[in-house]
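In this note's numbering, the protein residues as written are 26 to 316.
First comes the structure, then the notes that go with it.
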Amino acid sequence: MSLIDGNAIAARIIAELTAEVAALPGRRPCLALVRVGEDPASVSYVRKKEQTAAAIGVDSRIILPAVTITQGELFTLIDDLNADPGVDGILVQSPLPKHLDEVAVFRRVAPHKDVDGFNTLNLGKVAQEDDTGFVSCTPAGIMELLARSGVDLKGKHVVVLGRSLIVGKPIALLALQKRAGANGTVTICHSGTSNLPAITRQADVLIAAIGRPDFVTADMIKPGVVVIDVGINRVADATKKSGYRLTGDVHFASVAPLAAQITPVPGGVGPMTVAMLMKNTVKARRASSAE
Ligand code: GUN
């Protein structure tokens, strides 16, 4: 078994981007990060995005509306960022509080500033294999991890667990694309799938993105599989100072010995999401300076 080291691969991408940003003409790229509420995971993710932006020379604007913000007020806030020529990229951290319609909020972000790749146009471009848009960061990061780990999906059975808008659906579309590195045969499993282990056992590449700790166990895979674990679950652990530990959707201890390659949690997909967000922000800045 070999470990896919997301920290090391993300660090290489960050180094490439730092050099790229230093050579950009004009003002620095600027990313607006909108977080509504105090979801602990969101607080930590937004902080990480802010720190990484600073490290590569990207300005960030942190916007923390009151948790009681209405849909209309959030739309106005996004409209203002859409119209602001000093802002290149806009990210609204998910999940939003339950009273807000998250998909409607994603749709409100102007496509050319949608560095998260969640709005209708950018998701549609993934289906159309059109590279002019933004691919959402976690799926883009997974494709990059696979490419930089020497995994070519051509002729492989790729099984995706989960059909979310943020990971499951876009990663399935990317793996399916008719291009070098992709071209996989893709199956998506979800809560309505019957006899799920019979399907996951056929996977040459298994991508787990369901948010259920230790869901994938050794009996659900075939030896030699490549495993990408997208889950970042907080599980209570009294031995930790924080009171919790992070675990993926894959039961690492039993699955890792059977896998050809596997991503750890933390230190696998997570750092790649942040690296790809920065890559998209630099892409947005390049496009805005070309206007
Ligand atoms: N929540 C979990 N992953 C993501 C992501 O990639 N972007 C945003 N905006 N929210 C998330």
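Using N, Cα and C, we set each Cβ at its ideal position, and we do this for glycine too.
Each of L116, V117, Q118, S119, D141, C162, T163, I191 and T298 has a C-beta closer than 6 Å to some heavy atom of the ligand GUN; these make up the full list, in chain order. Cβ atoms of L199 and V160 come within 8 Å of each other, at about 7 Å. Annotation note: the stretch 40–81 contains the following uninterrupted alpha helix (DSSP H) runs of length 4 or greater, listed N- to C-terminal: 65–81. Nearest in C-alpha terms to G206, of all of L170, R237, H215 and A315, is L170.
Comparing alpha carbon positions, the residue from V151, Q118 and E98 closest to V59 is Q118. Within its own chain, the residues whose Cβ lies closer than 6 Å to the Cβ of N258, once the five positions on either side in sequence are excluded, are P238 and T272, listed in chain order. DSSP places A233 inside the beta strand (DSSP E), whose first and last residues are V230 to A233.
DSSP places S314 inside the alpha helix (DSSP H), whose first and last residues are V294 to S314. Beta bridge pairing from DSSP links L28 with I287. In terms of Cβ geometry, H182 and Q153 do not form a close pair [threshold 8 Å]. With contact defined as three or more Cβ pairs closer than 8 Å, the stretch 208–218 and the stretch 245–263 are not in contact. Residues G268 and Y269 of the same chain have their beta carbon placed closer than 7 Å to that of A261, with the five preceding and five following residues left out of the count. Judged by DSSP secondary structure, L106 falls within the alpha helix (DSSP H) whose first and last residues are Q96 to A108.
Straight through space, the alpha carbons of N220 and L302 are spaced by roughly 36 Å. Under the DSSP definition of a beta bridge, I87 partners with L58. Each residue's CA atom was taken as its position, placing G295 and D64 some 17 Å apart. By the Cβ test, the stretch 28–47 is in contact with the stretch 283–294, since at least three Cβ pairs between them sit closer than 8 Å. With respect to I38, A300 sits close: the two C-beta atoms are nearer than 8 Å. Sequence-distant partners of G193 (beyond 5 residues in either direction) whose C-beta falls short of 7 Å from its own C-beta, in its chain, are V185, G187, I213 and A234. When C-alpha distances from A91 are compared across S216, S174, P122 and D156, the shortest belongs to P122. Sequence-distant Cβ neighbours of A66 in its own chain, meaning closer than 8 Å and more than five residues away, are I257 and R259.
Judged by beta-carbon spacing, G111 lies beyond the 8 Å limit of K138, meaning their Cβ atoms are not closer than that value. Separation of the CB atoms of V307 and E45 is rounded to 6 Å, and the pair is thereby assigned contact status at 8 Å.
Shown here for N144: same chain residues with a beta carbon closer than 7 Å to its own, the five before and five after excluded, namely F131, R132, V134 and P136 in chain order. The criterion of a C-beta distance shorter than 8 Å is satisfied by D229 and V251.
Under the DSSP definition of a beta bridge, I213 partners with V185.
When V68, A312, S279 and M297 are compared, the shortest CA-CA separation from M168 is found for M297.
A check of alpha carbon separations from D177 across T93, E75 and L201 identifies L201 as the nearest. For I196, no beta strand (DSSP E) run applies; the uninterrupted alpha helix (DSSP H) run containing it begins and ends at G193 to L201, by DSSP.
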